[in-house]
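>
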Amino acid sequence: MLLAVVAFGIAFFCLTLWCSVAVARLRDLPLWRRLLPLSLLLVSTAASLLRAFGIPEVANAVAFPLNLAVVLLSLGEILAGRRRRETARQAQ
0 MLLAVVAFGI
10 AFFCLTLWCS
20 VAVARLRDLP
30 LWRRLLPLSL
40 LLVSTAASLL
50 RAFGIPEVAN
60 AVAFPLNLAV
70 VLLSLGEILA
80 GRRRRETARQ
90 AQ
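Mapping of the sequence shown onto numbering that gives the first Met the number 0: position 91 corresponds to residue 90, and the numbering continues sequentially without gaps.
1) For SER43, which residues from the same chain have a beta carbon less than 6 Å from its beta carbon, with the 5 sequence-adjacent residues on both sides left out?
2) In chain order, what residues of the same chain lie with their CB nearer than 7 Å to the CB of VAL70, ignoring the 5 residues before and after it?
3) Drop a sphere of 10 angstroms on the beta-carbon of VAL5, count the other beta-carbons inside from all chains shown, and report buried for 16 or more, exposed for fewer.
4) Below 7 Å CB to CB, which residues in the same chain sit around LEU74 once its five sequence neighbours on both sides are set aside?
5) Considering only residues of the same chain and omitting the five flanking positions on each side of ALA10, which have a CB-CB separation below 7 Å?
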């Protein structure tokens, strides 16, 4: 069971990292919108590291909701970017 939890955690971290880097590469977005998912990922990672220092309450309250926000925000930006490119391609 512990192995499954660790595998899910690693897969979810890789997903959040991929999503945030993919949004950071979108050049048609303003800088703050490109860097927002990456900064939220860094904050959630820092909150998760607080577990190592014996402060699990902050990590439990902040880390997973921020990671979930990163994935949802990033996927929304990626899909909106694809729609913008598709409508621009059809307009030509």
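Every residue gets a Cβ at the ideal spot worked out from N, C-alpha and C, and that includes glycine.
So, to answer that:
1) Numbered from 1 along the sequence shown, position 44 holds the residue referred to as residue 43. Contacts found: ALA62, LEU65, ASN66.
2) Counted from its first residue, the sequence shown places residue 70 at position 71. Closer than 7 Å at Cβ, skipping near neighbours: LEU14, THR15, CYS18.
3) Here the question's residue 5 lines up with position 6 in the sequence shown. Answer is exposed; the Cβ neighbour count stays below 16.
4) As a position in the sequence shown, residue 74 is number 75, starting the count at 1. Excluding sequence neighbours, LEU74 sits near CYS18.
5) The residue given as residue 10 occupies position 11 in the sequence shown. Excluding residues within five positions, none has a Cβ falling inside 7 Å.
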